[in-house]
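Letter 37 of the sequence shown, counting from 1, is numbered 42 in our numbering, and no numbers are missing.
Even for Gly, the Cβ is constructed at its ideal location relative to N, Cα and C.
Bear in mind that the values here come from a model prediction, so they are computed numbers and not experimental data.
Take a look at the structure below.
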Amino acid sequence: MVAVIQLAIALGSTAGGIVFDRLGWQSTFAMSSVLLLCAGVLTFVTARQKAGAL
Numbered sequence: 006m007v008a009v010i011q012l013a014i015a016l017g018s019t020a021g022g023i024v025f026d027r028l029g030w031q032s033t034f035a036m037s038s039v040l041l042l043c044a045g046v047l048t049f050v051t052a053r054q055k056a057g058a059l
């Protein structure tokens, strides 16, 4: 579990650094907000599926 979290942090910082270097700081915030929105949608869909299974 710890290794997975560390890998996610490393991949996120790498992707953020590449986007920052190539496109600037505004794109980093745009990318993070898109990822946050996707995570929220996936959480909502998963919760609805679990609630329907009960």
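For the pair Met36 and Val24, the CB atoms are nearer than the 9 Å cut-off. Within the same chain, no residue comes within 7 Å of Ile10 by CB-CB distance, once the 5 residues on both sides are set aside. In this model, Gln54 and Leu41 are separated by some 20 Å (Cα to Cα).
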